[in-house]
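Written below as structure tokens is the structure these notes are about.
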Amino acid sequence: MASRIEILNDGGYRSDGRRQYELRDITIDLSQQGQADGSAIITHGLTQVLVSVFGPREAKQRRETIHDRANINVEVAVAAFSTGERRKRSRGDKRILEIAAIIKSTFEPVIQTSIYPRSQIDIFVQVLQQDGGLLQACINGTTLALANAGIPLLDFVCAVTGGVHSTSPMLDLTTLEENDIPHATVAMMPRTGKVTLVTMETRLHVDRFEEIFRLAIDAGKVIHREMKIAVKGRTEALVTAMGSASKVASGGDNDELMQDY
Amino acid sequence: MRPPSPSLPEREFLLQALHQSLRLDGRAMLEARTPTLTFGPEMGWVDCQMGKTRVLAHTTATMVKPQPERPLEGTITIHSEISPMASSAGEYDSGRPSDEEITITRMLDKVVRRSDAVDKESLCILAGERVWALRLTIHCLADSGNLLDCACLAAIVSLRHFRRPDVEVIGSDVTVHAPTERAPVPLSIHHTPFCNTFAFFPPSPSSIAAQDSQDPLSSPLQIPILDPSHLEQRLCTGTLSIALNAQREICVLQKLGGVPLGAEEVLLAVEVAVRRAKEMNEWVDGRLREDWEGRKGSVEVR
């Protein structure tokens, strides 16, 4: 390689000017997208994902219905223009299918599927831009879209990537950093602090892993705060638009309840 | 067709036994089945059995022109196939791959290829002209639980068992020596990752009640078991797969959804996997050595 980028310079800054534990800018857009029952666009720095949720509705194929709970169907599509190098990925790509399988198994125990027997919830994930932390954006986006669709969840699922550069742990990696250093994606549930998903694909010593693992769990709480602000903001806007603003003001107690955790 | 799920009495029986720390096949909770490795007449041909789970792995090498962007590196391709006969429940139909199949294929790819177990540069014969292309074929013959660990073990042992023909390069002339002329050489392998899968089961109702009175937010620990059998795998609430080598390096750690776990529970499983990887490493070394001793008479092996 000609000139390697410096992952962490002597001043303690990363290639994009962030500090070690600094997360990238998060923007969340929960506005209506087309016909979807709930949708979210989440942006982590230069990674952008659009998630649309349809349902609960009758399954297109009857054989896919499950008698005592809802079936969750996840489809992931990656736009050809999402990476620096234009590349069309087919729908049968193993990596894409894997992400879809991961999202499905992550949300199966989180969505209260037993409320909707014999129905189907469709989650369509469209990756618009990729710059590291793809899985994290997909999971956070799905949580938001599900919440926006009004589907009962047990908790938020907040995902963050963490990596280690020699001995210094870092959070929320970009593509440049992901290519160079070992990293793990951790998804946690803020209410109990438990993890639903951990994946690591690169070689890392056990002791170092423990370090980034614990750090990522803490960072999940920060992401949760951002997501909660977005969901509450959207709900407030909707309620105001429906002309019942006065009720919101008097129903302050309920608001407190949500702030509890 | 979706395979029929295990019956309710089966489920009840298994859970109640687990709550008394008993498993249906008489193993301890964190005890894995002892694998059996059978080596074929050819180098790189391995049949790995764990209980009734059975996987066959076979490595072959051919000489090809390298990819233009990586002129100094050989290639490894993994072909895995889960035969429909592997499971009586019809889980692995031909056609669209199931989620489980995708997980196994991707995991094999990560454990064998992405963890850099094999030194790819040592597969180079003549820069930009000739490199070795390894092809690892994995046939999953029978699934009676934990197909993933069995497949990973078969794959990595097959690579360690494999010998490629010796080559001589003079100028730009490449001479391949037949095994009768010169002893074939082993691949240069950096490390040997071993995969361990844990399955988690919900704790007994009595322990949930006891915990609830103390602290309503912290739920009691899930019951972990190592190397789940087929029934255990179908009934568990979540799995965690850890691939690591004897040098205490985690190569792949994968917990894809399923029941949420506390940080301590994950780290406990990592500890168990570390110990087991060390044992497995010695055991595999021993088995490979035994096999070589047996071959000394017929073929010269380095």
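Chain order of the listed sequences is A and B.
Heads up: the first sequence at position 63 corresponds to 63 in our numbering, and the numbers run straight through without jumps.
Heads up: the second sequence at position 74 corresponds to 1074 in our numbering, and the numbers run straight through without jumps.
Don't be surprised by glycine CBs; every beta carbon is placed ideally from N, CA and C.
If you're wondering where the values come from, they're calculated on a predicted model, not measured in any experiment.
According to DSSP, residues forming a beta bridge with residue i
i, result
"B:W1045", "B:H1058"
"A:I111", "A:L153"
"B:V1270", "DSSP lists no partner for B:V1270."
"B:P1186", "B:R1163"
"B:S1206", "For B:S1206, which the question treats as bridged, DSSP gives no partner whatsoever."
"B:C1140", "B:V1055, B:I1082"
"B:F1194", "B:L1244"
"B:M1050", "B:P1035, B:T1053"
"A:M227", "Per DSSP, none; premise fails for A:M227."
"B:V1131", "B:V1064, B:C1124"
"B:I1328", "Not covered by the structure: residue 1328 of chain B. The range shown for chain B is 1001 to 1302."
"B:P1224", "B:F1200"
Pair within 8 Å by beta-carbon distance, residue i and residue j
i, j, result
"A:I72", "A:N140", "no"
"A:M227", "A:L144", "yes"
"A:G55", "A:Q120", "yes"
"A:A184", "A:T161", "yes"
"B:H1058", "B:S1158", "yes"
"A:R203", "B:E1249", "yes"
"B:R1276", "B:N1196", "yes"
"A:D131", "A:G45", "yes"
"B:V1334", "B:A1155", "This structure gives no information on residue 1334 of chain B, because the portion of chain B shown stretches from 1001 to 1302."
"B:F1200", "B:V1272", "no"
"B:A965", "B:T1062", "As shown, chain B starts at 1001 and ends at 1302. That puts residue 965 of chain B outside it, with no answer to give."
"A:T142", "A:V51", "yes"
"A:V164", "A:I212", "yes"
"B:I1076", "B:L1136", "yes"
"A:M39", "A:Q48", "It should be pointed out that residue 39 of chain A corresponds to Ser in this sequence rather than to Met. Cβ distance not < 8 Å, so A:S39 and A:Q48 don't count as in contact."
"A:L134", "A:L23", "no"
"B:K1305", "B:A1243", "In the structure displayed, chain B extends from 1001 to 1302; residue 1305 of chain B sits before or after that span and is not available."
"B:R1160", "B:I1189", "yes"
"A:A77", "A:Q35", "no"
"B:M1107", "B:V1252", "yes"
"B:L1256", "A:I102", "yes"
"A:T113", "A:A59", "no"
"B:C1150", "B:C1048", "yes"
"A:L176", "A:I5", "yes"
"A:I7", "A:I123", "no"
"B:A1086", "B:D1025", "no"
"B:L1221", "B:E1265", "yes"
"B:H1177", "B:V1167", "yes"
"B:V1174", "B:R1130", "yes"
"B:F1198", "B:T1239", "yes"
"A:I96", "A:R89", "yes"
Buried or exposed by the 16-neighbour rule on C-beta atoms within 10 Å, applied to residue i
i, result
"A:V157", "buried"
"A:H67", "exposed"
"B:H1079", "exposed"
"B:P1009", "exposed"
"B:D1285", "exposed"
"A:I229", "exposed"
"A:R81", "Before going on, a small fix: residue 81 of chain A reads as Phe here, not Arg. Exposed: under 16 other Cβ atoms inside 10 Å."
"A:T174", "buried"
"A:I223", "buried"
"B:P1216", "A caution first: B:P1216 carries a pLDDT of 49, below 50, which makes its placement in the model unreliable, though a value can still be read off. It counts as exposed."
"A:I151", "buried"
"A:T196", "buried"
"A:P190", "buried"
"A:D10", "exposed"
"B:A1028", "exposed"
"B:E1012", "exposed"
"A:L154", "exposed"
"B:E1121", "exposed"
"B:K1052", "exposed"
"A:M263", "Since the first and last residues shown for chain A are 1 and 261, residue 263 of chain A lies out of range."
Using a Cβ cut-off of 9 Å, which residues of the region 1246 to 1268 of chain B contact any Cβ in chain A, in chain order? Q1247, R1248, E1249, I1250, C1251, V1252, L1253, Q1254, K1255, L1256, G1257, G1258, V1259, P1260, L1261, G1262, A1263, E1265, V1266, L1267
What residues in the region 1112 to 1128 of chain B have a beta carbon less than 9 Å from any beta carbon of chain A? Under the 9 Å Cβ criterion, the region 1112 to 1128 of chain B contributes R1114, S1115, D1116.
Residues in the region 1098 to 1113 of chain B with C-beta within 7 Å of chain A's C-beta atoms, listed in sequence order? D1099, I1102, T1103, T1105, R1106, K1110
Unbroken stretches of the beta strand (DSSP E), 3 residues or longer, contained in the region 161 to 207 of chain A: 168 to 171, 183 to 189, 194 to 200
Listed in chain order, which residues of the region 204 to 218 of chain A have Cβ atoms closer than 7 Å to some Cβ of chain B? L204, H205, V206, F209, E210, F213, R214, I217
Curious, which full-length beta strand (DSSP E) runs of at least 3 residues does the region 21 to 96 of chain A contain? 26 to 29, 38 to 44, 47 to 57, 71 to 78
Could you list the residues in the region 1268 to 1291 of chain B with a C-beta less than 7 Å from some C-beta on chain A, going in chain order? Going along the region 1268 to 1291 of chain B in chain order, one finds V1270, V1274 with a Cβ nearer than 7 Å to chain A.
When Cβ atoms are compared, which residues of the region 86 to 99 of chain A fall closer than 8 Å to chain B? K94, R95, L97, E98
Mind checking the region 193 to 204 of chain A against chain B and listing, in chain order, the residues whose C-beta falls within less than 8 Å of any C-beta there? G193, K194, V195, T196, L197, V198, T199, M200, E201, T202, R203, L204
Residues from the region 15 to 35 of chain A in contact with chain B, defined by Cβ distance under 9 Å: none
Identify each residue in the region 100 to 115 of chain A for which the Cβ-Cβ distance to at least one residue of chain B is less than 9 Å, and report them in chain order. A100, A101, I102, I103, K104, S105, T106, F107, E108, P109, V110
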